[in-house]
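Protein chains: 2
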Amino acid sequence: MNIAILFGGSSYEHEISIVSAITMKKVLKKSTLTYIFVDANREFYLIDTDKMNSKLFSSGEYKKGKSLILKKGGFFAEGMFGSKKVDFDVALNLIHGRDGEDGKIASLMEFFAIPFISPRLEASALSYNKLYTKFLAENLGVKTVAYEHLSRDDERKISMAYPVIIKPVRLGSSIGVSIVKNADELDYALDVAFEFDSDVIVEPFIEGVKEYNQAGCLTDAWELSIVEEPQKEAFLDFEKKYMDFSRDAQVLSADISDELKERIQTAFKKIYDPLFRGSVIRCDFFVVEDEVLLNEINPIPGSMANYLFPDFEGMLTRLSKALPKEKKIQVDYAYIHSIQSAKGKA
Amino acid sequence: MNIAILFGGSSYEHEISIVSAITMKKVLKKSTLTYIFVDANREFYLIDTDKMNSKLFSSGEYKKGKSLILKKGGFFAEGMFGSKKVDFDVALNLIHGRDGEDGKIASLMEFFAIPFISPRLEASALSYNKLYTKFLAENLGVKTVAYEHLSRDDERKISMAYPVIIKPVRLGSSIGVSIVKNADELDYALDVAFEFDSDVIVEPFIEGVKEYNQAGCLTDAWELSIVEEPQKEAFLDFEKKYMDFSRDAQVLSADISDELKERIQTAFKKIYDPLFRGSVIRCDFFVVEDEVLLNEINPIPGSMANYLFPDFEGMLTRLSKALPKEKKIQVDYAYIHSIQSAKGKA
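The structure is reproduced here in structure tokens:
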């Protein structure tokens with residue numbers, strides 16, 4: 220299979236996406252990889268797989284490569300004698316954060332009829348926003364961590380007990396996130412968060428909470444990863460958090476009961492199906508007082524959480540054959556014909 | 220001002236969008252209009268303003284016009300000697316239903332840095348889906364009509380009293396909508412609705428409910444339309460409903476108290492700001508037992524509800540100067556440089 224990896228984007232996680240994309244070379248060994256870079260200015264470039272290393276991008280040298288344009292059916296390189304289509308079977312959206320996770324890349328792929336692995340537009344818009352994720356989960360009967368929502372112009376008053384964690388609703392990483400130990404620290408933490416977003420959610424900060432990650436997708440059957448208990452420190456900074464993005468070695472399953480695993484997987488399936496069909500996502504759960512709570516949805520996890528799956532490459536191949544189909548809409552101009560008839564113009 | 224009107228799209232309301240677009244010629248008399256047609260196959264065409272009539276599209280003759288491609292900064296006509304940018308100040312998204320209202324056009328405009336009047340991606344995704352509209356309104360403290368949500372695989376059981384109205388969650392028109400008078404009719408109505416969508420909402424059908432429409436936008440100040448009491452029959456079919464799309468004559472304000480008007484406008488502002496900035500939307504409210512309930516959000520109302528505004532054209536000009544700005548993200552490759560240093564490669 221020839222997989223086009225879309226990476227980069229106008230995102231705080233642009234560099235992380237480059238790391239994820241490079242990691243794919245080690246993970247997808249049987250496939251042909253076609254690398255398409257979306258630079259910070261949102262121009263498309265075809266990158267030689269051999270040249271895929273971080274310096275190509277940080278040096279700006281990628282600009283010497285072939286620039287591409289997006290048209291119906293694919294990406295095209297313009298040349299002297301017309302434009303030439305870049306050949307691939309399926310695009311893999313590996314743009315973390317804005318553009319990739321907010322629904323823009325999904326919109327582009329769907330509009331231009333390019334088969335793609337990624338959450339679709341609606342799934343992206345809902346999971347990119349932590350507040351909307353709460354709405355979604357509640358509606359599906361999946362419990363989430365308690366929260367309060369504050370908008371930039373709201374009174375800065377919260378009713379839950381400290382310590383709390385403040386999160387801008389729309390950023391896919393830890394940027395703008397603070398732990399607030401007492402009321403004195405609240406104002407500053409909100410100033411920081413509102414620098415990045417018009418809205419924040421406030422959640423109780425639970426020291427040492429049990430966290431479990433479940434990734435997976437639906438191909439012709441459910442393909443669920445092992446459940447991982449991520450190693451973590453009290454609070455991960457940007458750099459530490461994203462060492463994750465270069466991971467390619469298998470990890471061990473969390474040491475949990477079958478019953479808990481079952482509950483985590485049931486919650487995952489509720490979130491995933493049908494909204495996230497066509498994508499590989501990771502859901503991060505907390506277990507608090509024996510309740511499974513959704514912490515967040517990672518619609519495009521670092522290096523696609525490949526290290527949680529026994530056969531990641533095979534799964535992508537199967538997924539590419541089970542992508543959701545857009546409903547065909549036939550335009551027959553019956554309505555306009557009937558107006559024309561009524562006006563005596565037909 | 221030179222306004223590019225985007226219309227058509229791969230949508231059940233493709234033809235309606237053509238009617239809306241033609242109506243704009245009568246409404247926007249002082250502006251230069253640049254018509255960009257998105258055909259049912261999602262190819263872009265530049266249409267001469269003089270040739271704008273419905274037959275051009277129903278006959279397929281539009282295909283003889285200039286085809287356009289979308290690139291960074293605008294639409295381009297490809298020619299013998301390179302590509303030429305189509306000149307305009309702002310794009311007006313007039314694609315009703317799929318593509319226009321679901322967030323795809325907003326994604327395209329934002330991605331390619333084209334200034335545009337339309338709900339943005341997130342606002343589109345939420346208002347295009349009637350279930351998500353409920354979540355949004357409830358969170359903002361705007362009451363909505365009571366509802367139940369059914370997915371395709373759910374047990375077909377509802378708990379509210381008949382008659383009810385069944386609506387597919389994602390269609391922007393009356394397609395797939397049924398009034399169900401008793402339990403015997405439920406199954407068939409759900410069959411119809413699930414033909415169009417994986418999810419439906421069920422609401423009480425309130426005969427003769429008082430309905431009021433409020434349109435508006437935020438430029439440098441609030442610009443709210445008159446409140447209209449739409450004339451309606453028990454149930455509008457597709458054709459009748461969309462005679463609306465060719466309206467260009469002013470209508471009269473509803474005969475309601477200042478106090479009720481105030482409550483409707485307060486609810487409108489809560490919904491609009493900040494999510495819908497950059498767009499002109501219409502909210503349809505019911506008044507039931509003296510309560511103002513949001514019925515639905517029309518993110519791209521027919522002919523933009525021009526007939527509700529005293530100075531529609533001036534308002535669009537002001538709105539085009541008050542469009543939300545996307546946050547600039549600076550990519551400095553600091554993270555990649557630090558990895559390179561750590562590896563001794565820098």
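Here the protein sequences come in this chain order: A and B.
The opening position of the first sequence corresponds to residue 220 in the numbering used here, with each subsequent residue numbered one higher.
The opening position of the second sequence corresponds to residue 220 in the numbering used here, with each subsequent residue numbered one higher.
Glycine residues also receive a C-beta, built at the ideal position from the N, C-alpha and C atoms.
These figures come from a predicted structure and were not determined experimentally.
Taking buried to mean at least 16 other C-beta atoms within 10 Å of its own C-beta, is A:Q433 buried or exposed?
buried
Can you tell which of A:I519, A:A402, A:I394 has its C-alpha closest to the C-alpha of A:P382?
A:A402
For the region 320-344 of chain A, which residues have a CB atom closer than 9 angstroms to at least one CB atom of chain B, in sequence order?
D321, G322, K323, I324, A325, S326, L327, E329, F330, F331, A332, L340, E341, S343, A344
Taking the continuous beta strand (DSSP E) assigned at B:L345, which residues delimit it?
Per DSSP, B:L345 belongs to no beta strand (DSSP E); it is in the alpha helix (DSSP H), 340-347.
How would you label B:A486, buried or exposed, when you count the other beta carbons within 10 angstroms and need 16 or more for buried?
buried
Where B:L409 and B:R389 are concerned, what is the direct C-alpha to C-alpha distance, given to the nearest angstrom?
14 angstroms
When you compare the CB of A:A453 with every CB in chain B, is at least one pair closer than 9 angstroms?
Unreliable positioning characterises A:A453 in this predicted model, as indicated by a pLDDT of 47, which lies under 50. A coordinate reading is not provided.
In or out: B:F505 buried (at least 16 other Cβ within 10 Å) or exposed?
buried
In three-state DSSP terms, what is B:H368?
strand
By Cβ distance below 8 angstroms, which residues in the same chain neighbour B:K244 in space, the five residues on each side in sequence not counted?
L252, T268, M271
Using a Cβ-Cβ cutoff of 8 angstroms, what residues of the region 286-310 of chain A are near chain B? List them in chain order.
I288, L289, K290, K291
Quick one: list the residues of chain B neighbouring A:N358, beta-carbon separation under 8 angstroms, in chain order.
L350, F354, H368
What do you reckon, are the CB atoms on A:L512 and A:K362 nearer than 9 angstroms?
yes
I want to verify the contact list: residues of chain B whose CB lies under 7 angstroms from the CB of A:S397, in sequence order.
What A:S397 touches in chain B: nothing, since even the nearest Cβ is about 19 angstroms away.
Mind checking who A:K386 pairs with in its DSSP beta bridge?
A:I420
Spell out whether any CB of chain A is found under 9 angstroms from the CB atom of B:Y552.
yes
Any Cβ of chain A within less than 9 angstroms of the Cβ of B:P493?
yes
Can you tell me which of B:F276, B:Y552, B:S277, B:S326 puts its alpha carbon nearest to the alpha carbon of B:L289?
B:S326
Cβ closer than 8 angstroms: which chain B residues qualify as neighbours of A:F531?
Under the 8 angstroms cutoff, chain B gives no residues; its nearest Cβ is about 23 angstroms from A:F531.
Look up B:G435 in the DSSP assignment and give the residues it is bridged to.
B:L443, B:I500
Taking a cut of 7 angstroms between CB atoms, which residues from the region 251-267 of chain A lie near chain B?
A259, R261, E262
Mind checking if B:V238 is an interface residue toward chain A, Cβ cutoff 9 angstroms exclusive?
yes
Given this structure, state the Cα-to-Cα distance separating B:R279 from A:I558, to the nearest angstrom.
This sequence places Gly at residue 279 of chain B; Arg is not what is there. Distance between the alpha carbons of B:G279 and A:I558 is about 17 angstroms.
Would A:N312 pass as a contact of A:M299 if the rule is Cβ separation under 9 angstroms?
no
How far does the beta strand (DSSP E) with A:S560 in it reach, from first residue to last?
Per DSSP, A:S560 belongs to no beta strand (DSSP E); it is in the alpha helix (DSSP H), 553-561.
Relative to the alpha-carbon of A:E508, which residue among A:K429, A:Y407, A:Y552 has its alpha-carbon at the smallest distance?
A:K429
Report yes if the C-beta distance between A:F226 and A:F256 is below 9 angstroms; otherwise report no.
yes
is_contact[B:H233, chain E] using C-beta, thresh 9 angstroms
Structure shown: chain E not included; protein chains present are A and B.
In three-state terms, what does DSSP make of B:V238?
helix
I need the DSSP call for A:A259, collapsed to helix, strand or coil.
coil
Helix, strand or coil for B:K304? Go by DSSP, reduced to three states.
strand
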